[in-house]
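Residue numbers (the numbering used here), protein chains in the order written: chain A, 1 to 115; chain B, 116 to 233.
Beneath this line is the structure, given in structure tokens, with notes to follow.
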């Protein structure tokens, strides 16, 4: 089975622009989470979506938004890009219907560079 | 809020040696999960091992095992017979146990860069 997939792999934008990142979860997984990983740091939680509803949100400004589609894929949108938004954006999927299913499995990430 | 601390920014050992990575955490929660993830230069975050806080038995996965001390809030990772392919960043992570797979997401430490020397 395919793992979590993300697109694009790399992205270069300029300050003030908007960007959309995409994620497809592991088949059968209904929950998608987004993380931002700045160089040299651990990932920081941005959002979690489950069954198309936002279940959790980290400490990020309203410029960050996301949504989940009926097929459980997800998009992360960032508006009015700042230089500090340059990071690796990771998507993770899980099938949280039981204790054993809370494990999150990560995709390869999208490297966003803001110039 | 939870915090996760990894006090070793970098470690280096010879191939075939055993190495232990340290992790401490702080939480007021009683029910939670702890994880170790590996991130090689390819950037893909790979699950190494998972521990449920309600289990007293330490988790093991082949060459990887943990020492989980709940009272001390300590969760170290031991890698036996280390291999060149183990070279990577290792992140300790915490997740509250709850509906929906943890609506607060994972809380990560800053990572330990492990280098396996030939």
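Think of the CB as a built atom: it goes at the ideal place given N, C-alpha and C, for glycine as much as any other residue.
Report, in whole angstroms, the separation of the C-beta atoms of residue 136(B) and residue 227(B), which I expect to be a contact under 8 angstroms.
Yes, they are in contact, since the Cβ atoms of residue 136(B) and residue 227(B) sit about 5 angstroms apart, within 8 angstroms.
For residue 12(A), count the other beta carbons within 10 Å of its own beta carbon; 16 or more makes it buried, fewer makes it exposed. Which is it?
Exposed, since its Cβ has fewer than 16 Cβ neighbours within 10 Å.
Residue 184(B) to residue 24(A) span [Cα, whole Å]
Cα-Cα distance, rounded: 36 angstroms.
With three or more C-beta pairs closer than 8 angstroms as the rule, is the segment 191-210 of chain B touching the segment 167-180 of chain B?
Output reads yes: the segment 191-210 of chain B touches the segment 167-180 of chain B.
So what's residue 116(B) in DSSP terms, helix, strand or just coil?
In the three-state DSSP reduction, residue 116(B) falls in the coil class, being neither helix nor strand.
Residue range of the unbroken beta strand (DSSP E) whose run includes residue 30(A):
Careful: residue 30(A) lies outside any beta strand (DSSP E) and carries neither H nor E.
Taking the straight line between their C-alpha atoms, what separation do you get for residue 94(A) and residue 168(B)?
The straight-line gap from Cα to Cα measures roughly 19 angstroms.
Measure from the C-beta of residue 224(B) to each C-beta in chain A and report whether the shortest distance is under 8 angstroms.
By this cut-off, residue 224(B) is an interface position.
DSSP state of residue 56(A), grouped into three classes?
In the structure shown, residue 56(A) adopts extended strand secondary structure according to DSSP, grouped into three states.
Quick check: is the beta carbon of residue 103(A) nearer than 8 angstroms to any beta carbon in chain B?
Chain B has a Cβ within less than 8 angstroms of the Cβ of residue 103(A).
Counting Cβ pairs, one atom from each stretch, are 3 or more of them under 8 angstroms apart for the segment 67-74 of chain A and the segment 17-35 of chain A?
Verdict: yes, contact present.
Is it buried or exposed, residue 88(A), if we count other Cβ atoms within 10 angstroms and call 16 or more buried?
Classification of residue 88(A): buried, given that the 10 Å Cβ count is 16 or more.
Just checking my contact of residue 134(B) with residue 199(B) at CB under 8 angstroms: how many whole Å lie between their CB atoms?
At roughly 13 angstroms, the Cβ-Cβ gap does not stay under 8 angstroms, so residue 134(B) and residue 199(B) are not in contact.
Residue 55(A), buried or exposed, once every other Cβ within 10 Å from all chains shown has been counted against 16:
A buried status is given to residue 55(A), since no fewer than 16 other beta-carbon atoms sit within 10 Å of its beta-carbon.
Can you pull the DSSP bridge partners for residue 23(A)?
Paired residue(s): 6(A), 74(A).
Based on Cα-Cα distance, which residue from 28(A), 80(A), 82(A) lies nearest to residue 50(A)?
When only C-alpha atoms are compared, the closest one is 28(A).
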